[in-house]
Structures are given as structure tokens and as C-alpha cells.
Amino acid sequence: MSLKHDIEFTLNGVRRQASVRVDMSALDMLRDVVGLTGTKYGCGEGECGACTILVDGKSLNSCLLFAVDCNGRNIVTIEGLAADAKADALRAAFVEYGAVQCGYCTPGMVVQASHLLATHPQADADAIKRGIEGNLCRCTGYKKIVEAIASVNAADKQGARP
Amino acid sequence: MNGAEKKARFIAPDTLIGKRIPKMDAPEKASGKTRYIHDIDLPGQLYGKILRSTRVHALIKSIDTAAARALPGVHAVITAADIVNQRPIGVAKDHFPLKTDKVRSLRDEVAAVAAESEQIALEALKLIRVEYEDLPILTDPAEALKPGATLIHPEPRQPGGQDALKPSGPVAFTGKPDNVAMRFDYCHGDVVQAEAESDVVVEDTFKLHYVTHCCMGVSGMIADFDSSGNLIMYSNTQVPFLHKREFAEYLNMDPARIRIIQPAIGGGFGSKLDIYPFEVICVFLAQAAKRPVKLVFTREEEFISSPTRQPVLLTLRSGCKKDGTLTFRVVNTLHDNGAYTSWGATTPFVMMQTFSSLYRVPHCDYHTTAVYTNNPYAGSFRGYGNLQATFAVEAHMDKLAEAIGMDALDFRLKNAQAQGEVTGQGMEFDSCGFKECLDTAAERSDFRRKFAENLKNRNSSDPIKHGVGIASMLHVGGGAKIYPSDGCGTILKLDDFGQVTLITGASEIGQGSETVLSQLVCEELGLPMSALTVVNNDTAITPWDVGVHASRTTFIAGNSALGAARLAKAKVLAAAARKFECPASDLDLRGGHVIKAASGEALIDLPRLMRNLHFSDKAELVMTTFYYEPPSSYQDKRYKGNVSAAYAWASQVVEVEVDTETGIVKMTRITAAHDVGRVLNRLGIEGQIEGGVVMGQGYALTESLIIENGVTRNPNFRDYKLVTAPEIPEIDITFIETMDGEGPQGAKGVGEAPAICVAAATANAIYNATGVRIYGLPFTPERVYRALHGKGEKLVPLTAKAA
Ligand code: FES
Ligand code: FES
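As they're listed, the protein sequences go chains S and Z. Just so we're aligned, residue -18 is where the first sequence starts under the numbering used here, counting upward by one. Just so we're aligned, residue 6 is where the second sequence starts under the numbering used here, counting upward by one.
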């Protein structure tokens, strides 16, 4: 079988090691080796965003990233966002604004949105739409997702949220 | 009692109905904690993979699995030869899960493997050698109908057509003398006479394309046998109870020994309504390997082997009088059934309702033929044939209006159904807000003014043309009597903490049924949403339900939940009446308490009352059951009858910008007015409409599964274009609340409605903008550009004979 590599990285704030096949994606590593299933498989080809994670603060499709390339990096998944106040506000907004139906796209959306708000705090509705362009949702028609993200941004601007 | 000394507490009336109630499972989903089928692993589980045909139509000469079987880590390799008495599945029982002597489409399952890892399973597939002998490929239904065409299902399966497994049992599929999969003929009135009396007659041919569900969660399941040989399936099905019975039949098992558990589902939209080969194969693998087997698709596999929406070629002839009265419709349609028969073949049931009954049509003739080809096969998909039918009908509503010089809206209003009408097909409209939908959508979008203005600007020098179009739809909204029962069962249990468990047969597929059902129960019992737990995903626990289809869950499961809640309320109030020595009619439930109905004074909180009941010498439990069966009827042999207890209506106005230099159509705004009976959960119902509208936008503008010579050319999201966030139009929604007498709290079904008329309204908008009518979908830049330059596809009309 394929060659394995030992790698070391930070996952959701915790240093850890993993032994991974060289042809394995970061998505498969997270789901099958580490056992964190919040990051979803939707296409495996970088076309749907269900597998979005943060790598050194950048949002990436984990299906396109080799697991071995996680070596030395700081990885945050939907599970790791639990510690983040802004992400918490986002999650709450997704619930409150009805941005979740089947929920399969939701973890990727939340990760992408939290990255968007961190990097573009001024984003208006159009910028938010462009920001989640790479994340497909078949259920909601996106409108409520955009509203949810915008609500957190608006609350931010008013200083209502930390 | 020291209650007398306490200050009396009063609870003001409140309601949950019409509020914005967040979806109950949303917090888990937004945190990534929800477990979908993909996220579940059982101890000792193996991974299943399927070898599919590499040929579109061919005889299987031989299959050599020796090398695959010898690969370390492989536990089972199966082909049709390994399965004793394999039985055909599907709506027409024309489909063996593992193909026996022949492959009929590229998706066909030839062999399957269960191995220790997905990697090993994939390696093993590569080692299987299959020899084929190609047969002529049929991909055009018109060709497939011609005498002498190669037959897709020619062979008698068993001598005499008897099922080998049960000699006296039902006849299995026995092959066909031609390639006709199904035929439907419907008529009311006398169309010949009506045509003679018409002032204007129009005829056109329309071509509707392949699209597919694209659920974000790909298909998958886990099959597991316990030590007594009972089968447990972790499945994404939308119809667990039908599934259970059918699986029992295919596996020759006692249904009592099959249990179906449904993990969270990553989207359904009708795709999980039938049994598919992969599910049966997964069970075969678990049987062969004697280990649990998980089988999950790749996205490519999902595109290639999932059912599609029914592609249709359709010729419509309609007439009216000068005063705007519709006179008749004649419809001939040809459906590409694909190689096997799933629910797609039965979409004519729904299509004929739109032709016969959306508008008042005194005379109607409808003939349809579904033809076997070597293409992918069609299943059920949100709207179920109605998008196709509405596309044609609403084009003709515009054309006829224009021909007699009548305003498009007035023409529709004149022919729109109204409350109390019984249609030629026998549908009875107890609640009908159709005219209000038309008026509302038109007013809110300023339809008349924009329509006239766009006409004036058609010949302006600006290459960007603006268009506005209207279309409406009728769909079942109170269940659909198709199966032996259209009912749903509920069990309701109140525990000693006043917590309520709602056990319902209705599946949650993301549409929010669990929240709406809970809302109905909480409303009845005067409880907050937090007092409720829903159990809805295990056939060993939940009572029977026919499944999630036909926009039926809010209506049917809602009435069932409401019935159980009313019984529970009566029990609780009777107990309280005994305790407080007053008539039960003086009491009510509110804010988690028993109250005096007149004053709102709280008498006792529910948990305390429950404990009093449990732990008294009477030891009484509050647990109720209810089974709801709607008051609808089956269609007769001529397809007439009131199949649904209520009908949903909607009108949508679509606004577009057409770039005449590039053919790019941009959808800028959709104004939707929906008769939903009553809004129960405003947040949820808005979500259904918005999601459906955008799905309709995809059908109209971007989505197309390209099948060339039986081969799916674009099995990925790069080439199959779903609508993305920046492309969505502004969406304006108005709910028309007609308070259906039979609906739970007045509500009707809405799940499918929003997707149905978007494409039809878009076609009308493009015509309004450019004066060019396009008869095929989707409105891609290329198709629109060609049409604008007089190079549109020429479609040959179907005659009754050709169909
Ligand atoms: S699974 Fe990674 S983008 Fe779709
Ligand atoms: S909620 Fe189902 S895909 Fe987005």
C-alpha cells in the first residue's frame, strides 16, 4: 500500500501528530484519521466548499490540500471555531436567521463566513455573496445565509458584540 | 395546601403560529456536530464499492473476479451470479440491482466489493475483468419507438413471466414487445368540438432537459445484520416504511426483521423516494461478508447514477375565444424513460393536473408515452413533472392573450380557478387563493406598467433589454392518494418533568418538518418549543408514515401530530379537572401550566401535575397515539378524482435583463405570492420558498446534465452549474392565507411549489424583453443568443400517433 508520512501540526489549538498516506487529502485525514467529521465531503474537487477549513488563517478547500502539506501548519476546523466568540455569534445567527436547512453545507459556510468577517470586516451584502461564492448550498437559496452573515457584521459595527 | 397564600399568577395568551421559529436541529448542524451517513462508522465495518459498466448498451459475456477476490483485505466480491434469486426492483420491477446478462446504461452495476478500506475496495474493482459485446445504442426516444428498434428489455425473465422465487407470487417483469415503458391517456370533454368553436388556436413544441438533484450530501448507506440475522439499515431514504416492506420483498425476508435508521440527510428533493441498486447491493455485500458494510458515493458517481428530472418533449395545442375564455388543450408528450423505470415515468400523473386544472379548461386531451432508451433514468424531483407542464401551459397563456389582444394578467384572471370549483379531472378546491396570488404578485412587482414599458423599449438601441414575465402553478398541498394509505401516525408522551416526546413517522430531510410538527404540538399544549423532543428516524420506534413526498408532511403529519396533541390535552385537562374539582372546559393549558380559561390564572405547573398522575395510586401515564388519513380519494381508471385534501397555489413574477449581444440572461427579481393556507413557521416557510425559487432559477438558467450518446459529459460541479450566491435575484415573498378547512391550523403543503413556475415566468420575461420565445431549457447564453439570431432549435411536433 501507499507510503505513510508522519506529520505534526496544530489542530484547533492543540499540537498533534498523525501518520498519513502521501496521497491522502487533508479532508480525509481530518475525517478518517483524526475523527473530526464536521468538515464535509461534497465533491472532492474544490468545487463546493463543504470541506472549508482555515490553514494559517486562510480559508482553503481541504479536499484539495494534501494531508502531508499540513505539516507545521495551524489548522482550524468547524469544531475549533467553538472557542471563537465571533464564530459563536455567526453560528447563532445562522440558527436565528434560518440559514440552515439540511445543514450539509453549513459547517463549510460558517468557516468561510468567519474567515470573511475576519478579513473583510466592512463586507456588505454583495461582498458577502462574493465571499461565499465557492460554497454551494442546494437548500436555502443563499438569501438567509447572506442575511445571517450580514447581521453579525452589522452587530459588530455597532459594537454590540465583542 | 399553601397555594392559597401564594399570590395568584396570571399567564397571558400567546401563540407560536406564524412566528419565526429557528429550526430545532440547526444549532447542532451549525456546529458541525450533526452526524450524516458519511460520519457514521460501525465497529468491524467494511467499505463497499460498485463496479459500473463502461458500455452504454452491451451483453455481458464474462466477468472474472478471481484477482479481486485474491487481493488482501477483500472480504467479498459479488456479481449477479453470486446472488440466488435476485429480484428486480423499481417502479416497474424492470431493474436488477446487479446486472445479469446485459448492461443498458453507463451507470449499470456489474459487480461490487467489500473490503477493509475504501482504497482496497477501489484496487479490487480495478482487478475485475468484464468482457462485453456491444449492442446498438438507443438514446433518442423517438427512434426507440420505431418498429424494428433494438429492444432494451426484450427477454422474458422467467418462463411464463412467473417469479421464480414465489411460484404463485406476483409476476415479475417479463420483458416487453416494444420500448414503451408506460403510457397515460386522459381526456375530459370534446376537444374536437371545442377547437371548432375556438377563435384562436396555437400549437407549439417544447423540449425540457435533464437536471439532477445535486444533494450536497452524496448518497450512502450502511447495512448491518445482527447475530439473529435481523437487518439494520442506516439509510437516507425519504420513505422508510415503504422501503422496509420492499426490502423485505427483494430479500425474501420477514419485514419484521428489518429496521431502518435514518441519520441526518444531506438533502432529498425527491431523490430518495425509490429503492436504488446501491442499497440492495450494500445489503448483499453485508450478507456475503458477514460484516457491516458502508457504501458511499463519490460526487461523480452521484451525478452518473442518481436519477434525473424527467426530460420531456411536449406538443401543446390550446385555444380560446375572443373574449378570453379558454376552450381546450391537447397535449402529446414523449418522455425519455432511460433504461429503467423509476418514479420519473409516473410524472404524467402530476403533469395532467396542470394541463386539465390549473386554469379552467372545459375540454382537455392528454397523451403521454415514456420510452426506454439507454440514457440515465428519471426519478422524482421536487415538483414532479409540474415544472415541465407549467413551462408549456404558461407560454400558451401569454401567446393566447397576445393573439386576442388581451392583457396577460387579465387573461389569466379570467380563466383562473376559484374556491369551490370542481375541475374536469375531479379536483375540488375547498380553499383557493389563485386570483389573490395573481393580483398580489402583479401589484407588488408593478407588472402591468413594466410589461408595457418593456414592450416599448424592445426596439431601443440599448443591447440590454428588460423583461417581466408571470406564471402560476397548482400543486397538491394536502397529501396525494397514490399508495394504499396516505396517512401518518404519531405517538406523544409526556414525562414527569413535563417534557414532551413527539414520535412521528414523518422524516426530516432538511425541510424543517420536525420544527413545524413540534410547533403544532406545543401550540396545543401551551408549551415552549424547548419542552419538546422529536424522535423521527427509526422504524423500530416511529409509527407508520408513507414518506416525505408530494409536499405532504406539514399537512398530513401535522394533522396527525395535532390529533395526538389534542388527545393529550384532553387527558391532562381531565386530570386537572378532577384535582381542582371543576369542569375540564373551565381549564386550559398555557405557559407550561394548567390555567383557568377565563382569567388565565395558573393553577398548577405541568411537571407537577404529571408527577401527581404517575405516582398516585392510579399510576396514570399521559401517552397518546393518533393516525391521520386525509379525506381525499383515489383517481379512477380515467385518472379522475380528488387525490389531495387541499391544493397549493402560487404566482411568480420574474424580471430579467437580457444582453442581446451575448445572450446572457440575468434574473434580477422574483416576486412570489403563495397560497399556503396559513403560515405556521415564517422562518421555515420563507426558507422553503427562497430555496425552491433558486432551484427553479437553476432549472431555468444554468443547470443541464449533458448526456451524449448515453454518456454523462459533465458529472461535476465545474461543468454542471448550480446557482451560486452572487447570482441570486432579489426575492419578494407574500403569503396568501386562505385558512384551509382541513389543514393543520389552516396550513397547506408548500415544499415543491416554489420551484415550479420560475422557468415558465422566465421564458415569458425573455419574450417580453426581446419578442423571441424560446421553447427549450436552460436559457444559457448560447441558446438565447441563437434564438435571438433566428437560429433556435427547430422541434418537430409530436402527434398523438408519434407519442
Ligand atoms: S469537497 Fe472540497 S470543495 Fe467540495
Ligand atoms: S442547507 Fe442543505 S445544502 Fe445548504
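Even glycine gets a Cβ: it sits at the ideal position worked out from N, Cα and C.
Closest to residue i by C-alpha separation, out of the options, would be which residue?
i: Z/C287; options: Z/A555, Z/I88, Z/S110; result: Z/I88
i: Z/M628; options: Z/R616, Z/G682, Z/A569; result: Z/A569
i: Z/A261; options: Z/R92, Z/D664, Z/L247, Z/F333; result: Z/L247
i: Z/S240; options: Z/D204, Z/D44, Z/F456; result: Z/D44
i: S/A63; options: Z/S36, Z/V96, Z/A653, Z/A71; result: Z/S36
i: Z/P48; options: Z/V298, Z/D724, Z/G776; result: Z/V298
i: S/V1; options: S/I34, S/D13, S/L(-8); result: S/D13
i: Z/A75; options: Z/F302, Z/G431, Z/A344, Z/A126; result: Z/A126
i: Z/D451; options: Z/Y137, Z/D737, Z/V79; result: Z/D737
i: Z/T352; options: Z/V317, Z/K327, Z/V135; result: Z/V317
i: Z/D491; options: Z/D467, Z/E529, Z/H554; result: Z/H554
i: Z/R264; options: Z/V577, Z/D543, Z/G388; result: Z/D543
i: Z/L688; options: Z/K11, Z/I22, Z/G429; result: Z/I22
i: Z/V658; options: Z/E798, Z/D591, Z/D444; result: Z/D444
i: Z/E399; options: Z/P312, Z/Y389, Z/W348, Z/N420; result: Z/N420
i: Z/F274; options: Z/R387, Z/S590, Z/N90, Z/K66; result: Z/R387
i: S/D9; options: S/L97, S/S132, S/L45; result: S/L45
i: Z/D209; options: Z/A154, Z/S649, Z/H401, Z/S590; result: Z/H401
i: Z/G715; options: Z/S58, Z/Y41, Z/P759, Z/K24; result: Z/S58
i: Z/P489; options: Z/D610, Z/S637, Z/D415, Z/P152; result: Z/S637
i: Z/P468; options: Z/D664, Z/D610, Z/G797; result: Z/D664
Contact defined as beta carbons within less than 8 Å: I believe residue i pairs with residue j. What is the distance between those atoms, to the nearest angstrom?
i: Z/M534; j: Z/I26; result: 6 Å
i: S/A31; j: S/G89; result: 5 Å
According to the neighbour-count rule (16 or more other Cβ atoms, all chains shown, within 10 Å of its Cβ), is residue i buried or exposed?
i: S/T40; result: Inspection of the sequence shows that residue 40 of chain S is occupied by Ser rather than by Thr. Result: buried.
i: Z/V61; result: buried
i: Z/T20; result: exposed
i: S/Q(-2); result: exposed
i: Z/A545; result: exposed
i: Z/A651; result: buried
i: Z/Y639; result: exposed
i: Z/H794; result: exposed
i: S/T100; result: exposed
i: Z/N564; result: buried
i: Z/I496; result: buried
i: Z/P783; result: buried
i: Z/S173; result: Note on Z/S173: pLDDT 37, under 50, position unreliable in the model; the coordinate value appears next. When all chains shown are included, Z/S173 counts as exposed.
i: S/D(-13); result: exposed
i: Z/F620; result: exposed
i: Z/L64; result: exposed
i: Z/R613; result: exposed
i: Z/N773; result: buried
i: Z/R643; result: exposed
i: Z/D168; result: At Z/D168 the pLDDT is 42, less than 50, meaning the model places this residue with poor confidence and gives no usable figure here.
i: Z/M356; result: buried
i: Z/T144; result: buried
Using a Cβ-based criterion (distance less than 8 Å to any ligand heavy atom), does residue i qualify as near ligand 3?
i: S/L71; result: Only ligand 1 and ligand 2 can be found as ligands here, which leaves ligand 3 out of the picture.
**Asked** In chain order, which continuous runs of the beta strand (DSSP E) of length 3 or greater are located wholly inside the segment 234 to 303 of chain Z?
**Response** 236 to 240, 263 to 266, 298 to 301
**Prompt:** Is the segment 603 to 610 of chain Z in contact with the segment 475 to 483 of chain Z, if contact means three or more CB pairs nearer than 8 Å?
**Reply:** no
**Prompt:** Contact between the segment 388 to 400 of chain Z and the segment 728 to 747 of chain Z: three or more CB pairs below 8 Å?
**Reply:** no
**Request:** Check whether the segment 195 to 209 of chain Z touches the segment 380 to 387 of chain Z, counting contact only when three or more Cβ pairs, one atom from each stretch, lie closer than 8 Å.
**Result:** no
**Prompt:** Quick one: complete alpha helix (DSSP H) runs, 4+ long, within the segment 440 to 514 of chain Z?
**Reply:** 452 to 462
**Prompt:** What runs of the beta strand (DSSP E), each 3 residues or longer, lie entirely inside the segment 592 to 661 of chain Z?
**Reply:** 592 to 595, 598 to 601, 607 to 610, 627 to 633
**Prompt:** Given 8 Å as the limit, is there contact between the segment 231 to 245 of chain Z and the segment 549 to 558 of chain Z, that is, 3 or more CB pairs closer than that?
**Reply:** yes
**Prompt:** Counting pairs of Cβ atoms below 8 Å between the segment 366 to 378 of chain Z and the segment 325 to 340 of chain Z, do you hit three or more?
**Reply:** yes
**Request:** Taking 8 Å as the threshold, find out whether the segment 102 to 113 of chain S comes into contact with the segment 10 to 26 of chain S through three or more Cβ pairs.
**Result:** no
**Prompt:** Is it a yes or a no for the segment 322 to 331 of chain Z touching the segment 397 to 406 of chain Z, going by three-plus beta-carbon pairs under 8 Å?
**Reply:** yes
**Message:** My parser needs the alpha helix (DSSP H) runs of 4 or more residues fully inside the segment 41 to 89 of chain Z; what are they?
**Reply:** 71 to 75
**Message:** Count Cβ pairs between the segment 667 to 683 of chain Z and the segment 456 to 465 of chain Z that sit closer than 8 Å; are there 3 or more?
**Reply:** no
**Message:** For the pair the segment 275 to 283 of chain Z and the segment 91 to 111 of chain Z, tell me if three or more CB-CB distances fall below 8 Å.
**Reply:** yes
**Message:** If we require 3 or more residues per run, which beta strand (DSSP E) segments fall completely within the segment 533 to 570 of chain Z?
**Reply:** 537 to 540
**Ranges of the alpha helix (DSSP H) found wholly within the segment 703 to 772 of chain Z, counting only runs of at least 4** = 758 to 761
**Message:** Can you confirm whether the segment 117 to 132 of chain S touches the segment 219 to 235 of chain Z when touching is taken to mean that 3 or more C-beta pairs between the two stretches lie within less than 8 Å?
**Reply:** yes
**Message:** Restricting to runs no shorter than 3 residues, where is the beta strand (DSSP E) found entirely within the segment 98 to 140 of chain Z?
**Reply:** 114 to 120, 134 to 139
**Prompt:** Do the segment 68 to 83 of chain Z and the segment 299 to 309 of chain Z make contact, defined as three or more Cβ pairs closer than 8 Å?
**Reply:** no
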